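Chains as they are written, first to last, in this note's numbering: chain A, 1 to 405; chain B, 1 to 405.
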């Protein structure tokens, strides 16, 4: 009973289930489907609402001709309505596979037709096609797997019944893996959205705009990546930096919003926002909140031990604290605030360099300065407009009933 | 190649991958493993750190004798160190399956021994055992699947090589499904933790304690469940109610913390916390934040149209707004605040009943009053202690260095 083919398909299923990045997963599904059917090319469409979204394609012919990267640039994602006229649409609507030995011989009076546009444009000859609906456990269509030109040696041959059977089994595994990857992405993006919204809301009372935390998060991630931290650690720093000032929730308006200089007593209260932030985030099992706690606590420490609240020195300061410290100061200097215009680039850089080694970690500053083009791109993308400083501008214009929907 | 057994195991894999609730998944894994091997009983242990956690067991004998529910009460989760002395520990450490025809014949000089304690206690006779390591894709042990007494008719027989092979394949599918279910649980719990912490932090400036939002969330969920909403919708209301007052972040201290009565102008500003909250949460794709937006906007509306901000009437008010409105008012009346003692139960109920139909939805109030025992359990569990009113009590006592870890 335990044939080799059987074990192979089981192993593929296990491999698919272990991939949570949707793009990687789709590419892997296509690669395996090509192997199972000796197909030269293939594509995956996903169903979203009443549309088919063309997501991924692989083609040995094109990869040989242009390389993978260029092929992917040429075949970008596009969407099409789900209708019976297209082959993928027909399969999505009927939920039945189509095994077409030669697309040229599809009778004129069939509901679906082969569209030769791409073949003509890119000098490719589609002959045989195997198009399989991807159904989830409730038999609902979630996508279409389209395989093109089964090869026997160099010869294009029709897909066999065996190909159709095995790809149908495989496509159910693929469908559940796709659903799981989407669930993971949805959960992550809901969490991410919550962190950014609530962090931005917490800055309502402050002089900062909502863009401030977005910029600081992106700057911090760029520094982390260019320092050579892993993708995962860089993501984690990105997710945790929005909460760096969350402790300001515990600082009274009278101090937080005081227009002039703070007295030493007021300054002492203000500095407690680091500790309050860490208190809000203590005793958690979530990695992102653990990292946020460290960032909140240490993003005002300085290399020479003159920072707060712990007066840590040099490498006593955790790396995420040192990264966000630099990103935060850079953003304060380079952005307009309601009380000041942005400093010139020269002035900003010169101030940062004055802090080299005493305020900022030398290596981190070095990496930051050599990443200045990436940093500037983010600065442009999330720059503050005049209305961003009036926190309630939206609020004056909005039709409240819209918020009910 | 596509034998029936092959398709069966593929389908089981797909079914397992579709279950994201860990307890349900473990039960399903065990049920399928029993079917594949005709086993009378079975258990699953999961590896957590250097311990084996006994999570789930199923036994046809015990289920017949006591029923499922009682059997589960008897066999509660327990943990044990991973050592070579126990059979499950031996399998976890060696990552090799054990197929034991008769546990009585295990030689004395073997490293592992059969522990007959449970058999003696519950009058069961373990004979044959098949114990399989559950390895993830990186060949790391994540658990142990233990099957007991393979049956041929009514006769206990040894597990076959075929049983061992198929269960080994099956256990790889099970392992990846368990890892995925854990990932989903981790993502959900991190998100949940973020929502509760940041919502609680947003109440720092207010008269509320952190327990207030926990109570309101639980009350709201109890009402939703007893109104007959689906488990999923009830969970969603639970997750979204913590943010009901998030808009208070936009209200100045001078109004939010004013000790006496507010002037009409101040009251108008205060009432805007509903709209500010909805603004913070607008334009999101996350279900929980969409629901939170509705709750934030409508939890001060009243059935007779005298509430705010929209003066909605009756069924114009979304159900989640009506539920949280009642939960919030009940909590204000029944809890101690820094400016008042809790009202007596009689007084609370009588005030709520005065609001029947004009402030509160009759059906929701009805369901609430008949759920009062469940409500009281929550009230006790999350009751405020004296120190909860001093928001910075922890803050005075904490060793800040602890927050660095």
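Backbone N, C-alpha and C fix where the C-beta goes; we use that ideal spot for every residue, glycine too. Note that the structure is predicted; figures quoted are calculated from it, not measured.
8 Å Cβ cutoff met for residue i and residue j
i: residue 82/B; j: residue 93/B; result: yes
i: residue 409/B; j: residue 25/A; result: A question about residue 409/B goes unanswered here, because the residues of chain B that appear run from 1 up to 405.
i: residue 22/A; j: residue 174/A; result: no
i: residue 170/B; j: residue 12/B; result: yes
i: residue 330/B; j: residue 214/B; result: no
i: residue 358/A; j: residue 303/A; result: yes
i: residue 301/A; j: residue 310/A; result: yes
i: residue 96/A; j: residue 58/A; result: no
Closest Cα partner of residue i within the set the options
i: residue 293/B; options: 246/B, 214/B, 266/B; result: 246/B
i: residue 48/A; options: 142/A, 281/A, 157/A; result: 142/A
i: residue 135/A; options: 167/A, 242/A, 157/A, 211/A; result: 167/A
i: residue 91/A; options: 373/A, 44/A, 67/A; result: 44/A
i: residue 101/B; options: 139/B, 372/B, 53/B, 150/B; result: 150/B
i: residue 291/A; options: 315/A, 183/A, 238/A; result: 238/A
i: residue 56/A; options: 65/A, 41/A, 368/A, 112/A; result: 41/A
i: residue 242/B; options: 221/B, 337/B, 356/B; result: 221/B
i: residue 20/A; options: 298/A, 176/A, 271/A; result: 176/A
i: residue 216/B; options: 376/B, 285/B, 7/B, 146/B; result: 376/B
i: residue 145/B; options: 313/B, 36/B, 192/B, 337/B; result: 36/B
i: residue 183/B; options: 282/A, 87/A, 286/A; result: 286/A
i: residue 87/B; options: 77/B, 75/B, 78/B, 103/B; result: 103/B
i: residue 124/B; options: 374/B, 282/B, 347/B, 62/B; result: 62/B
i: residue 80/B; options: 70/B, 202/B, 53/B, 196/B; result: 53/B
i: residue 194/A; options: 255/B, 283/B, 218/B; result: 283/B
i: residue 345/A; options: 111/A, 332/A, 30/A; result: 332/A
Residue-level contact to chain A via CB, residue i, 8 Å cutoff
i: residue 96/B; result: no
i: residue 342/B; result: no
i: residue 267/B; result: no
i: residue 29/B; result: no
i: residue 120/B; result: no
i: residue 465/B; result: Given a span of 1 to 405 for chain B in the structure shown, any question on residue 465/B remains unanswerable.
i: residue 278/B; result: yes
i: residue 259/B; result: no
i: residue 103/B; result: no
i: residue 253/B; result: yes
i: residue 332/B; result: no
i: residue 289/B; result: yes
Proximity test, Cβ basis, 8 Å: residue i and chain B
i: residue 294/A; result: yes
i: residue 36/A; result: no
i: residue 325/A; result: no
i: residue 385/A; result: no
i: residue 182/A; result: no
i: residue 284/A; result: yes
Simplified DSSP state of residue i, which is helix, strand or coil
i: residue 110/A; result: coil
i: residue 39/A; result: strand
i: residue 56/A; result: strand
i: residue 149/A; result: strand
i: residue 282/B; result: coil
i: residue 1/B; result: The predicted model places residue 1/B with a pLDDT of 39, which falls under 50 and marks its position as unreliable; any figure quoted below should be read in that light. Of the three classes helix, strand and coil, the one that applies to residue 1/B here is coil, per DSSP.
i: residue 9/A; result: helix
i: residue 259/A; result: coil
i: residue 182/B; result: helix
i: residue 321/A; result: helix
i: residue 303/A; result: coil
i: residue 131/A; result: strand
i: residue 139/B; result: coil
i: residue 93/B; result: helix
i: residue 397/A; result: helix
i: residue 205/A; result: coil
i: residue 19/A; result: coil
Beta-carbon neighbours of residue i, restricted to chain E and to distances below 8 Å
i: residue 137/B; result: In the structure shown, chain E does not exist; the protein chains are A and B.
Cβ-heavy atom distance, residue i to the ligand GTP, below 7 Å
i: residue 350/A; result: By its list of ligands, the structure shown contains no ligand whatsoever, and the ligand GTP lies outside what it can speak to.
Check distances from the C-beta atoms of the stretch 298-315 of chain B to those of chain A and list, in chain order, the residues that come in under 9 Å. For the stretch 298-315 of chain B, which is checked against every Cβ of chain A, the residues closer than 9 Å are 298, 309, 310, 312.
Give, in chain order, every residue of the stretch 141-169 of chain B whose Cβ lies closer than 9 Å to some Cβ of chain A. 162, 165, 166, 169
Short-range partners of chain B found in the stretch 188-202 of chain A, where Cβ spacing is below 8 Å: 188, 189, 190, 191, 193, 194, 195, 197, 198, 199, 200, 201, 202
Listed in chain order, which residues of the stretch 40-72 of chain A have Cβ atoms closer than 8 Å to some Cβ of chain B? none
Report the residues of the stretch 204-217 of chain B with a CB closer than 8 Å to any CB of chain A, ordered along the chain. 204, 205
When Cβ atoms are compared, which residues of the stretch 350-361 of chain A fall closer than 9 Å to chain B? none
Given a limit of 9 Å on CB to CB distance, which residues of the stretch 219-249 of chain A reach chain B? 243, 246, 247, 249
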